[in-house]
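In what follows, a structure is listed as structure tokens, so that the remarks can point back to it.
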Amino acid sequence: MNWIDHKSYIEICPPQEFNFEECLVFLGRANHEILHQIKEGVVYKLLKVNDSLVLFTLKNVDESIKVEFPLGPPSIVERKKVGEYVWEWFDLDQDLGEFYRLASRDKVLKMLVQKYEGLRIMCIPDLFEALVWAVMGQQINLTFAYTLKKRFVEQFGESITFEGDEFWVFPSFEEIATLSVEDLTKLQISTRKAEYIIGIAKEMVTRKLSKELLLQREDYNEMKKSLMSIRGIGAWTADYVLMKCLHEATAFPIADVGLHNGLKNVLGLEKKPSIEEIEGYAAGWKGWQAYATFYLWRSLYDENI
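Written as structure tokens, this is what we have:
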């Protein structure tokens with residue numbers, strides 16, 4: 001992490017291939033998002049660090065990310081944790097030079113990387129949050145998924161109020177592991193998904209599942225295999241978590257509807273491509289399938305490509 005601690009605030013110095021405004025477009029895509037707020041180009045986010053709730057803001061200042069603390073600066077340990085979270089949230093460890101070189105020769109990606117240069121995968125650093133969000137989103141539309149997430153967070157998460165706005169952190173796996181299936185179905189989460197979510201929480205409580213354990217696996221295939229051994233985690237969910245939480249650039253949720261729609265729009269196809277056709281388009285994306293997918297997702301938020 002490349003950062004400067006100014007004590008009252010911290011400054012994060014991102015790599016060259018970074019565009020804060022482009023990342024903000026993705027962060028602001030959902031009106032129902034409960035885990036961050038964006039006001040006049042400033043991101044507000046609440047983070048739990050050990051037992052403390054730390055509210056921070058992010059804004060772009062002279063090609064750096066300025067991180068401020070509206071309730072007063074926390075301890076040096078907490079400031080560092082916030083900095084590390086932001087660095088991972090914006091996937092700033094990733095060197096995009098190779099991806100841009102590859103994309104500049106690719107008929108699908110060439111225009112996208114020119115248009116969205118500096119966009120990075122907006123990650124979900126917390127494994128439990130990433131898994132629960134992926135499970136919630138299975139086989140329902142995105143709007144309803146955000147509604148379920150909001151209910152879930154407001155029911156079981158923690159919050160603080162600042163200047164009349166409430167800011168939330170995602171529920172802990174320790175909390176969710178103590179719940180019954182009925183506690184979740186009351187929120188209109190299906191019985192099966194409720195079982196999956198509580199099961200994942202219990203796996204994490206017993207330390208059978210953790211981000212650290214997954215990252216110790218030898219490669220992408222081993223990590224994916226480990227994730228898919230968990231009840232409720234299929235290929236799409238595993239790849240989503242690999243790209244959004246575990247920073248696996250080769251992760252490729254090939255069955256994703258957003259990916260299909262993005263390809264259809266970019267290529268001007270009459271219908272969504274088949275899996276076999278997608279494999280053909282993606283032949284040149286090796287090592288960067290996750291970023292190709294993310295840029296195609298980004299294209300869906302424009303009226304005209």
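So in the UniProt record's numbering, spot 148 of the sequence shown is number 148, and the numbers just go up one at a time.
Every residue, glycine too, gets a C-beta built ideally from N, C-alpha and C.
Q | Minimum C-alpha distance to proline 74 - residue among Lys59, Leu53 and Leu92 | A | On the sequence shown, position 74 is the one that residue 74 refers to. With distances taken between Cα atoms, proline 74 lies closest to Leu53.
Q. With burial defined as no fewer than 16 other Cβ atoms inside 10 Å of the residue's Cβ, what is the status of threonine 237: buried or exposed?
A. Counted from its first residue, the sequence shown places residue 237 at position 237. With 16 or more other Cβ atoms within 10 Å, it is buried.
Q | One or two residues paired with lysine 59 in a DSSP bridge | A | Looking up residue 59 in the sequence shown gives position 59. Residue pairing by DSSP puts lysine 59 in a beta bridge opposite Lys66.
Q. In angstroms, rounded to a whole number, what distance separates the CA positions of lysine 264 and leucine 109?
A. Mapped onto the sequence shown, residue 264 falls at position 264. Mapped onto the sequence shown, residue 109 falls at position 109. Going by the C-alpha atoms only, they are around 13 Å apart.
Q | 6 Å Cβ shell around proline 14 - same chain, five flanking residues per side excluded | A | Residue numbering aside, residue 14 sits at position 14 when the sequence shown is read from its first letter. The beta carbon of proline 14 is closer than 6 Å to those of Leu92 in its chain, skipping five residues each way along the sequence.
(Q) Rounded to the nearest angstrom, what separates arginine 231 and glutamine 216 at their Cα positions? (A) As a working note, residue 231 is residue 231 in the sequence shown. As a working note, residue 216 is residue 216 in the sequence shown. Between arginine 231 and glutamine 216, the C-alpha separation is close to 21 Å.
**Q.** Reduced DSSP category for serine 226 - H, G, I as helix; E, B as strand; rest coil
**A.** The residue labelled residue 226 in the question sits at position 226 within the sequence shown. Serine 226 falls in the helix class under three-state DSSP.
Q: Classify phenylalanine 18 as helix, strand or coil using the three-state DSSP reduction.
A: For the purposes of this step, residue 18 is taken as residue 18 along the sequence shown, with counting starting at 1. Looking at phenylalanine 18 - three-state DSSP - the assignment turns out to be coil, as it is neither helix nor strand.
Q) Exposed or buried, phenylalanine 99, counting other C-beta atoms within 10 Å across all chains shown (16 or more means buried)? A) As a working mapping, residue 99 is identified with position 99 in the sequence shown. Buried: at least 16 other Cβ atoms inside 10 Å.
Q) So, helix, strand or coil for serine 52, using DSSP? A) Taking the first residue of the sequence shown as position 1, residue 52 is located at position 52. Here DSSP, grouped into helix, strand and coil, assigns serine 52 to strand.
Q: Express the C-alpha separation of serine 226 and alanine 282 in angstroms, rounding to a whole number.
A: Taking the sequence shown and counting its residues from 1, one reaches residue 282 at position 282. Taking the sequence shown and counting its residues from 1, one reaches residue 226 at position 226. Distance from the CA atom of alanine 282 to the CA atom of serine 226, rounded to whole angstroms, is 25 Å.
Q: For glutamine 138, name the three-state secondary structure that DSSP assigns.
A: Translated into the one-based positions of the sequence shown, residue 138 becomes position 138. Note: glutamine 138 maps to coil in three-state DSSP.
Q) Apart from the five residues on each side of it in sequence, which residues of its chain come closer than 8 Å, Cβ to Cβ, to serine 210? A) To locate residue 210, count along the sequence shown from 1; it is residue 210. These residues qualify, in order along the chain: Leu127 and Met204.
Q.
For the stretch 240 to 249 against the stretch 123 to 139, do three or more pairs of beta-carbon atoms, one drawn from each stretch, fall closer than 8 Å, so that the two count as touching?
A. Yes, they touch.
Q | Coil, strand or helix - histidine 260 by DSSP | A | Within the sequence shown, numbered from 1, the residue matching residue 260 stands at position 260. Note: histidine 260 maps to helix in three-state DSSP.
Q) With a cut-off of 8 Å, do at least 3 Cβ pairs link the stretch 157 to 166 to the stretch 12 to 30? A) No, because fewer than three Cβ pairs between the stretch 157 to 166 and the stretch 12 to 30 fall closer than 8 Å, the two stretches do not touch.
**Q.** CA-to-CA distance, glutamate 222 to leucine 55, given in whole angstroms
**A.** Looking up residue 55 in the sequence shown gives position 55. Looking up residue 222 in the sequence shown gives position 222. Each residue's alpha carbon lies about 36 Å from the other.
Q.
For the pair the stretch 81 to 89 and the stretch 253 to 267, tell me if three or more CB-CB distances fall below 8 Å.
A. With the cut-off at 8 Å, the stretch 81 to 89 and the stretch 253 to 267 do not touch.
Q: Rounded to whole angstroms, what's the CA-CA distance from aspartate 5 to glycine 287? Just pull it up for me.
A: Numbered from 1 along the sequence shown, position 5 holds the residue referred to as residue 5. Numbered from 1 along the sequence shown, position 287 holds the residue referred to as residue 287. Spanning the two alpha carbons is a distance of roughly 34 Å.
Q) Count the other CB atoms within 10 Å of the CB of isoleucine 305; is the residue buried (16 or more) or exposed (fewer)? A) Locating residue 305 in the sequence shown gives position 305, where the first residue counts as 1. Residue placement at isoleucine 305 cannot be trusted, given a pLDDT of 40 that sits under 50; what the coordinates show is reported in the next sentence. So isoleucine 305 counts as exposed.
Q | Extent of the continuous alpha helix (DSSP H) to which isoleucine 197 belongs | A | Along the sequence shown, one-based indexing puts residue 197 at 197. It spans 191 to 205 - the alpha helix (DSSP H) in which isoleucine 197 sits, taken as one unbroken run.
Q: Helix, strand or coil for threonine 237, going by three-state DSSP, please let me know.
A: Counting from one through the sequence shown, the residue named residue 237 turns up at place 237. Here threonine 237 sits in helix by DSSP.
Q: For alanine 201, count neighbouring C-beta atoms within 10 Å of its own C-beta (all shown protein chains included) and say buried if the count is 16 or more, exposed if not.
A: One-based indexing of the sequence shown puts residue 201 at position 201. Buried, by the Cβ-count rule.
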